[in-house]
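Trainee:
In the UniProt record's numbering, the protein residues as written are 1 to 284.
(1) Taking only three categories from DSSP, how would you classify residue 68?
(2) Just to confirm the assignment, what range does the beta strand (DSSP E) spanning residue 96 have?
(3) Report the option in 74, 139 and 246 whose CA atom is closest to the CA atom of residue 222.
(4) Measuring CB to CB, does residue 79 end up less than 8 Å from residue 185?
(5) Excluding the 5 residues flanking residue 249 on each side, which residues of the same chain have their C-beta closer than 7 Å to its C-beta?
(6) So, residue 106 versus residue 97, is the Cβ gap smaller than 8 Å?
(7) Between which two residues does the beta strand (DSSP E) carrying residue 198 extend?
(8) Within its chain, find whatever has a CB closer than 8 Å to the CB of residue 143; leave out the 5 residues flanking it on each side and keep chain order.
(9) In terms of DSSP beta bridges, what is residue 228 paired with?
(10) For the segment 58-71 and the segment 117-125, state whether three or more C-beta atom pairs, one from each stretch, are separated by less than 8 Å.
(11) Taking only three categories from DSSP, how would you classify residue 217?
(12) Should residue 66 and residue 231 be called a contact, given that it needs their Cβ atoms to be closer than 8 Å?
(13) Run through the DSSP bridge pairs and tell me what residue 131 is partnered with.
(14) Would residue 64 be called buried (16 or more neighbouring beta carbons within 10 Å of its own) or exposed?
(15) Could you spell out the range, first to last residue, of the beta strand (DSSP E) harbouring residue 186?
(16) Take residue 157 as the anchor and find which of 46, 93, 190 and 207 has the nearest alpha-carbon.
(17) Straight-line CA distance for residue 85 to residue 159?
(18) Would residue 128 be called buried (16 or more neighbouring beta carbons within 10 Å of its own) or exposed?
(19) Based on Cα-Cα distance, which residue from 38, 50, 39 and 77 lies nearest to residue 198?
(20) Have a look at the DSSP bridge pairing and note the partners of residue 81.
(21) Here's a check: name, in chain order, each residue in its chain whose Cβ is nearer than 6 Å to the Cβ of residue 239, leaving out the five neighbours to either side.
(22) Determine, using beta carbons only, whether residue 167 and residue 219 come nearer to each other than 8 Å.
(23) Is DSSP giving residue 38 helix, strand or coil here?
(24) What's the gap between the Cα of residue 162 and the Cα of residue 95?
(25) Using DSSP with H/G/I as helix, E/B as strand and the rest coil, what is residue 161?
(26) Relative to the alpha-carbon of residue 90, which residue among 147, 44 and 153 has its alpha-carbon at the smallest distance?
(27) Quick one: what does DSSP say residue 211 is sitting in, helix, strand or coil?
(28) What whole-angstrom Cβ distance do residue 251 and residue 210 have, given they're in contact under 8 Å?
(29) Following the continuous beta strand (DSSP E) through residue 108, name the residue where it begins and the one where it ends.
(30) Using the three-state DSSP reduction, which class does residue 251 fall into: helix, strand or coil?
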């Protein structure tokens, strides 16, 4: 257990990452925010949270360790009736599709770029539930332009819609998680998260550097880097596109953290919980 590591090696360990990946996999097979599976996962994570806090208290570490609970994204429910087969809008063997819903990269065969792009655009106009982008049309705020991972054409589904890759994915979920039935709703993430609370990730924190019961406005995940550098007392960290200013209200003081603790090297326990708590930005 990470608490024991902090207790025994408190002059060596300054951060601990605990990633609960099975939670992430399970929620793809159920309706986000509903159902028995999600409820049971929340109960397990709630019990884990209580266990961490109780063990920190029992080892006299509550005033020395910051615990941060995170998720990397939210989730949106998609019904099979909303799967869109993009292959119907292009000629056979004219292109290849890569990636997973709701974002697919389309790579036309040599000499067929214009044909494929126009076919997908016609499909988008007739279907009305997805958008098509050439590389030049990708939105700047996505920071997705000029990437080696970007195909010549990018297709993005609207919320609650997905593409033909979900037919194969649903078969995988059927075999692995015994999910059956054409009426089943799947959890999908990766939609444009601007003004879409269902894509928001989760952030909760408790410890000597954080205020109690402080509610924050939504912020970008990249801002967490600056927060971690702050509470870990890292001087002059390499710059990123994030900023501490969006999270400074979460901290008890804007001065360097750790100055009043017994050992500032025991700075943070980071617990990554991949769970569906849409739009939550709470310090507890």
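The beta-carbon is built from N, C-alpha and C at its ideal position, and this holds for glycine as well.
Mentor: According to the data block:
(1) strand
(2) 95-100
(3) 246
(4) yes
(5) 214 and 216
(6) yes
(7) Run containing residue 198: none; DSSP gives neither H nor E here.
(8) 241
(9) In the DSSP output, where bridge partners are listed per residue, residue 228 has none listed.
(10) no
(11) coil
(12) yes
(13) 156
(14) buried
(15) 186-188
(16) 190
(17) 16 Å
(18) exposed
(19) 77
(20) For residue 81, which the question treats as bridged, DSSP gives no partner whatsoever.
(21) none
(22) no
(23) helix
(24) 19 Å
(25) coil
(26) 153
(27) coil
(28) 6 Å
(29) 103-108
(30) strand
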